[in-house]
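Engineer: Pasting in a structure now, in structure tokens, and then I'll have a few things to ask.
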Amino acid sequence: MTHNIPRVLLRYGLGKRAWDVPCYIGWTHSRVKVDGTVVPCGTCQVSLGHLTERSFTEIWNGPGYRSLRKMLLSPDAPRYLGEKSFCEFCCYIEDNRRADRIYRWLRPFRRRKAPSLP
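Structural data, given as structure tokens:
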């Protein structure tokens, strides 16, 4: 029998500081709602496409996801997402921390201005 107590304590301990670590969910996860709407994760309500209009591959590689990925790496990401997501107590914080240990070294090479969401 296993438990996830350390992970839950980490999530609740960080709370609003979850944005201290950039969000990499746009590269690793996607959620499809019952109506076919594709969103980056369960707490984010940014619609990136709809499966009745385009294939998942087209949505994943499309301009909406590309824009989201660029925006998520911006220091202003919480401001851009605003009311469209609930990132406190992020269930992907461990994954984001692991990815950030590697990708933080590439930050000096990225563009500084994040695009707006579709």
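Numbers 1 to 118, taken from the numbering used here, label the letters of the sequence shown in order.
The beta carbon of each residue, even a glycine, is placed where N, CA and C say it ideally should be.
1) If we count the other Cβ atoms within 10 Å of its Cβ and call it buried at 16 or more, is M71 buried or exposed?
2) Per DSSP, H50 forms a beta bridge with which residues?
3) Helix, strand or coil for S85, going by three-state DSSP, please let me know.
4) From W105, P78, R97 and E94, pick the residue whose C-alpha is nearest to that of K16; which is it?
5) So the alpha helix (DSSP H) L9 belongs to, where does it begin and stop?
6) Looking only at its own chain, which residues have a Cβ that is under 6 angstroms from the Cβ of K84, when we skip the five neighbours before and after it?
7) For S67, count the other beta carbons within 10 Å of its own beta carbon; 16 or more makes it buried, fewer makes it exposed. Which is it?
8) State buried or exposed for I5, treating a residue as buried only when at least 16 other CB atoms are found within 10 Å of its CB.
Structural biologist: On the basis of the coordinates in this document:
1) buried
2) T37
3) strand
4) P78
5) I5 to L14
6) Q45 and V46
7) buried
8) exposed
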